[in-house]
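Asks:
Chains as they are written, first to last, in the working numbering: chain Y, 9 to 254; chain U, 9 to 254.
1. Mapping the DSSP letters down to three states, classify residue 86/Y as helix, strand or coil.
2. Once the 5 residues before and after residue 176/Y are set aside, which same chain residues still bring their CB inside 7 Å of it?
3. The segment 13-31 of chain Y: which residues have C-beta closer than 9 Å to a C-beta of chain B, in chain order?
4. On the premise that residue 46/Y lies in contact with residue 38/Y, defined as a C-beta separation below 8 Å, what is that separation, rounded to the nearest angstrom?
5. At a Cβ cut of 8 Å, what residues of the segment 68-81 of chain Y count as close to chain U, listed as they run along the chain?
6. Which residue from 49/U, 33/U, 60/U and 21/U puts its Cα closest to that of residue 251/U?
7. Going residue by residue through the segment 220-248 of chain Y, where are the continuous alpha helix (DSSP H) segments of at least 4 residues, counting only ones entirely within it?
8. Is the shortest distance between the beta-carbon of residue 188/U and the beta-carbons of chain Y less than 9 Å?
9. Is the segment 227-242 of chain Y in contact with the segment 85-98 of chain Y, if contact means three or more CB pairs nearer than 8 Å?
10. Between residue 247/U and chain Y, is any beta-carbon pair separated by less than 9 Å?
11. Please report whether the beta-carbon of residue 162/U lies at a distance below 9 Å from any beta-carbon of chain Y.
12. Using DSSP's beta-bridge definition, name the partner residues of residue 125/U.
13. In this structure, how does DSSP classify residue 47/U when only helix, strand and coil are distinguished?
14. By the criterion of Cβ-Cβ separation under 8 Å, what are the contact partners of residue 63/U in chain Y?
15. Beta strand (DSSP E) containing residue 57/Y: first to last residue?
16. How would you list, in chain order, the residues of chain U whose beta-carbon sits under 8 Å from the beta-carbon of residue 141/Y?
17. Could you list which residues in chain U have their beta carbon closer than 7 Å to that of residue 197/Y, in chain order?
18. Return the first residue and the last residue of the beta strand (DSSP E) that residue 155/Y is part of.
19. Here's a check: name, in chain order, each residue in its chain whose Cβ is nearer than 7 Å to the Cβ of residue 149/Y, leaving out the five neighbours to either side.
20. Compute the beta-carbon to beta-carbon distance between residue 137/U and residue 75/U, rounded to the nearest angstrom, for a pair I have assumed lies under 8 Å.
21. From residue 65/U to residue 26/Y, what distance separates their C-alpha atoms?
22. Assuming contact is defined by CB atoms lying nearer than 9 Å, are residue 196/U and residue 157/U in contact in what I supplied?
23. Skipping 5 residues on each side, what residues in its chain have a beta carbon closer than 7 Å to that of residue 199/Y?
24. Would the beta-carbon of residue 208/Y fall within 9 Å of that of residue 239/Y?
25. By the criterion of Cβ-Cβ separation under 9 Å, what are the contact partners of residue 130/Y in chain U?
26. Let me know the secondary structure DSSP gives residue 276/U once reduced to three states.
27. Along chain Y, in chain order, which residues have C-beta atoms closer than 7 Å to that of residue 119/U?
28. Name the one or two DSSP bridge partners that residue 251/Y has.
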């Protein structure tokens, strides 16, 4: 029986986890939970490779990961079996067998969403899934700021200090913000994202929405390549990895 | 300074609580949490009276309660002060001073909602707010069943055994069910509800939706006054007390 490869689409509530990426054994991460659950079903050690290293507290509706398995189960049975062993805050939504040609490092298009709870009262049912930010926000200015992110740019100014990658050019396909009731919803699509990049984009757009900065400062911040020029990194709990395309 | 009375509208995520009603000191209930938080702000012992005794695990968007307070604060300042001392899963949405004539026992109209997660996969982000029930459900049959609840009836057959009240006649103003994506949403309004009444109505309607019983069995179950004839009590986490009018 040859080893088979399966592509999984995963959703998780990141509240309880120190992010996606496996760390020391004593630290609970989503990757580790999936490896443990799959290992129970497959009766062999399992390594799962994810496409995005979501941070501590960040959620996913469509993380993608690859699993190598020595099994005769079809993809759907394997999916259900592993789901039955996963904690209630992690779910495999889809599973399909893929060839050796499928490369988890070659994502072409990712979408993130960030939810801001822009009401005076703190969020209740949404408290684990939004960032509470109650200041007068000018949505039109924020929308103008978002437009400046679209295109191919060097996003070094929006890269968290822990990211040691030198190549910091990324292409943003779309970036929008709108209000729906108490929520302000920021959505961004691109060919890839640096560490903390979406959250520092949100932190910057919030500064602009409050009136502290002008929307046209975005091209200047990008040109500066200086993290100190961009806004603060917004809290993790508002961020969702929505989907990934290959 | 005379003692003043305030009417509060409360929302809570009931997941972590043994229901609304105060019990022994060692048991965490919503009422107790509100009394503790208000007591810190007011610097005197506080008793809070609620309109509905929601069960363990049941949520509220609009519970109503009365607070007696020796304070010079206006209602909005008092609301914000107590909110700042409440746990993150309880929130006072509204507060208004009321006269001695306001009687918390005299609710005229209450609305409950019950959320069923009718998808094969278990709920993830909705896991604390829905009951996972994945069987083929005939929504039209369930709608037909709901209509039979409307009107003034003796709901003894839908009363939990712990409810010792003899007067079991209640008037249901409306009762509906519909599907929205993976959710099946049951809504009911009435002048009052017995212990476990909404949940046993839902359990009965689910039996009808699965095809086990006919919608016309509802009038027979009501006429029997026999709890054994109605369906099971549906799980608490799908139930929300939406609002109360006086």
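The beta carbon of each residue, even a glycine, is placed where N, CA and C say it ideally should be.
Replies: Once the coordinates are examined:
1. helix
2. 162, 163, 164, 167 and 202
3. The structure shown contains no chain B; its protein chains are Y and U.
4. With a Cβ gap of about 12 Å, residue 38/Y and residue 46/Y do not count as contacting.
5. none
6. 60/U
7. 225-232
8. no
9. no
10. no
11. no
12. 140/U and 191/U
13. helix
14. Near residue 63/U there are no residues of chain Y at all, since even the closest Cβ is about 18 Å away, more than 8 Å.
15. 56-58
16. Chain U residues near residue 141/Y: none, gap ~16 Å exceeds 8 Å.
17. Those within 7 Å of residue 197/Y in chain U number zero; the least Cβ separation is about 21 Å.
18. Per DSSP, residue 155/Y belongs to no beta strand (DSSP E); it is in the alpha helix (DSSP H), 147-157.
19. 216, 217 and 223
20. Rounded, the Cβ-Cβ distance is 27 Å, inconsistent with contact.
21. 27 Å
22. yes
23. 116, 117, 178 and 179
24. yes
25. 91, 96 and 99
26. The requested residue 276/U does not occur in the structure, where chain U is confined to residues 9 to 254.
27. Residues of chain Y passing the Cβ test: none, with the nearest at roughly 17 Å.
28. 119/Y
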